[in-house]
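Worksheet: one structure, shown below.
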Amino acid sequence: MIYIVNIAFTSPANGLLKYTEKYFRLPEGYYGIETIFIILAFAALLRIKSIEGVRYCDPGEFGKIVGIDRIPEVKTLREKIELLSNSGITKEWSSDLAKFWMEETPELSGTLYIDGHVRPYHGKKTQLPKRYVSRDKLCLRGVTDYWINDAIGQPFFVVTKEVNSGLLSVLREDIIPRLLEDVPNQPTPEDLKENPVKYRFGVVFDREGYSPEFMKEMWQNRIVCYTYKKFVKDLWDEKDFTEQEVIFPNGEKAKMKIAEKMITHPCKQSFREIRKLSKTGHQTVIITTDFYNKVTVIAGLMFSRWSQENFFKYMMKEYGIDALIDYETVNIDDPKMQVLNPEYKVIDSKIRSINGKQSRKKS
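Numbers 1 to 363, taken from this note's numbering, label the letters of the sequence shown in order.
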């Protein structure tokens with residue numbers, strides 16, 4: 001019962017009903033917009049992972065929880081959801097919610113964590129492009145969701161790509177333009193001019209996004225990037241490392257052996273290269289355009305990426321974010337989208353096959 005009461009208080013506080021009247025309309029009836037949203041929120045938080053799952057709940061008991069005599073049957077609930085989702089303004093509603101959440105936690109929304117999560121598709125209705133799924137260590141058909149979270153794992157919004165053009169492309173075309181509009185408390189042009197190391201906000205991503213050229217492009221717009229450096233071949237002397245206390249965004253503390261150097265890339269951009277020395281002698285290499293914060297702050301921000309990994313693991317288990325939403329297929333109408341030529345794939349496959357046979361004969 002305590003858990004149910006907590007849901008009742010936290011749902012409105014998180015802005016569930018803040019913009020419903022602005023964007024959504026339903027025909028007059030017994031079940032209004034607020035009732036439908038509250039039912040769906042309670043169902044999700046009670047770990048009911050699909051609308052079909054509501055069928056197995058006692059309608060009277062569930063109704064008492066949300067303040068009505070009984071909840072609608074699944075057929076009625078599906079009809080209401082269809083009316084709401086077909087209105088074409090769910091993206092605007094989601095955008096307003098993301099802005100609201102960022103404004104509620106300005107101390108966390110200044111650094112955003114971005115990572116892709118693949119939702120595999122095992123059906124036969126469409127031939128989605130294959131992509132590598134790290135948790136399965138396989139190339140599977142599916143869609144890629146790029147989640148934008150804060151430093152403690154709370155999500156702000158998600159960008160879905162049926163045809164995956166890569167993290168850098170999604171950052172440049174979809175995520176960064178939206179963050180420039182949504183992130184609160186950004187410094188004014190005058191502030192940026194007065195302080196050459198001040199920045200608008202920071203983005204943290206994994207090695208997939210490692211590109212000095214991209215990081216230079218972002219810094220020209222005074223956006224800081226944090227990522228792990230690829231193609232590291234050298235090792236720093238262990239004498240360069242000093243033990244320092246690192247404070248993570250969630251308040252936890254840890255002792256780390258850290259070293260730092262300024263480097264200049266051939267793209268004519270300066271970077272801070274920060275390394276963490278483990279007990280086994282392994283050096284984890286961070287590269288960033290953050291010239292403002294202390295090295296311990298940067299280490300805390302970068303090594304908080306585990307919060308987003310925990311978010312994915314938790315959401316897959318508790319909320320079924322990999323589940324298929326519906327069985328409808330739609331055409332992808334994007335003139336800028338680049339796809340691999342099917343004929344090229346056939347020819348490339350034949351070449352690989354011939355090369356493989358020749359290699360086996362030579363061996």
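Where is the CB? At the ideal position from N, CA and C, for every residue including glycine.
For residue j and residue i, the rounded distance between their alpha carbons
i: G281; j: Y113; result: 28 angstroms
i: S353; j: V133; result: 24 angstroms
i: Y292; j: V74; result: 54 angstroms
i: T288; j: S359; result: 43 angstroms
i: M408; j: E217; result: With the chain covering 1 to 363 only, the question about residue 408 has no answer from this structure.
i: T264; j: R207; result: 19 angstroms
i: V346; j: M215; result: 36 angstroms
i: E52; j: A43; result: 11 angstroms
i: R222; j: W101; result: 23 angstroms
i: K137; j: V118; result: 12 angstroms
i: L277; j: P184; result: 35 angstroms
i: G110; j: L324; result: 33 angstroms
i: S270; j: Y228; result: 16 angstroms
i: Y3; j: L46; result: With a pLDDT of 49 at Y3, under the threshold of 50, the modelled position of this residue cannot be trusted; read the value that follows with caution. Spanning the two alpha carbons is a distance of roughly 9 angstroms.
i: S363; j: G356; result: 11 angstroms
i: P106; j: K350; result: 54 angstroms
i: E243; j: R275; result: 12 angstroms
i: G202; j: I48; result: 35 angstroms
i: M1; j: I148; result: Caution is warranted here: a pLDDT of 45 is assigned to M1, below 50, making its placement in the model unreliable, and no coordinate value can be reported.
i: E343; j: D182; result: 42 angstroms
i: K130; j: F205; result: 22 angstroms
i: Y146; j: K230; result: 21 angstroms
i: N310; j: M302; result: 15 angstroms
i: V143; j: E190; result: 42 angstroms
i: L84; j: Y30; result: 16 angstroms
i: K313; j: G116; result: 13 angstroms
Proximity winner among the options, relative to residue i (alpha-carbon distances)
i: R78; options: F241, I36, L277, A41; result: I36
i: L140; options: G123, P59, D150; result: G123
i: A98; options: Y226, M262, L180; result: L180
i: T90; options: Y19, K239, K230; result: Y19
i: S307; options: D136, E318, A151, E107; result: A151
i: L16; options: R135, S95, F62; result: S95
i: E252; options: E104, P59, V297; result: V297
i: Y210; options: S169, Y344, P249; result: S169
i: I258; options: P266, D240, C267; result: D240
i: L40; options: T76, M262, P177; result: T76
i: F62; options: I38, S50, T126; result: I38
i: W93; options: E21, Y314, K198, M262; result: E21
i: K198; options: P177, E104, D290, A254; result: D290
i: K193; options: Q220, P212, Y319; result: Q220
i: I33; options: K80, D322, Q154; result: K80
Residues sharing a beta bridge with residue i, DSSP
i: G251; result: Answer is none; G251 lacks a bridge partner.
i: Y228; result: I286
i: T111; result: G202
i: E260; result: I274
i: I223; result: F201
i: T242; result: I258
i: Q358; result: Looking at the DSSP assignment, Q358 forms no beta bridge with any residue, so it has no partner.
Alpha helix (DSSP H) segment containing residue i, residue limits
i: E21; result: 20 to 23
i: Y314; result: 306 to 318
i: E190; result: 189 to 194
i: S95; result: 90 to 104
i: P177; result: 176 to 182
i: L301; result: 295 to 302
i: V387; result: No information on residue 387 is available, as it lies outside the stretch 1 to 363 that the chain covers here.
i: S85; result: 74 to 85
i: K64; result: 59 to 66
i: S211; result: Run containing S211: none; DSSP gives neither H nor E here.
Endpoints, the beta strand (DSSP E) within which residue i is located
i: K130; result: 130 to 133
i: D145; result: 138 to 149
i: T160; result: 155 to 161
Reduced DSSP secondary structure (H/G/I, E/B, other) of residue i
i: Y344; result: helix
i: V197; result: coil
i: Q127; result: coil
i: E28; result: coil
i: R119; result: strand
i: T35; result: helix
i: Q186; result: coil
i: L46; result: coil
i: S353; result: helix
Residue-level contact to chain D via CB, residue i, 8 angstroms cutoff
i: C225; result: Structure shown: chain D not included; a single protein chain is present.
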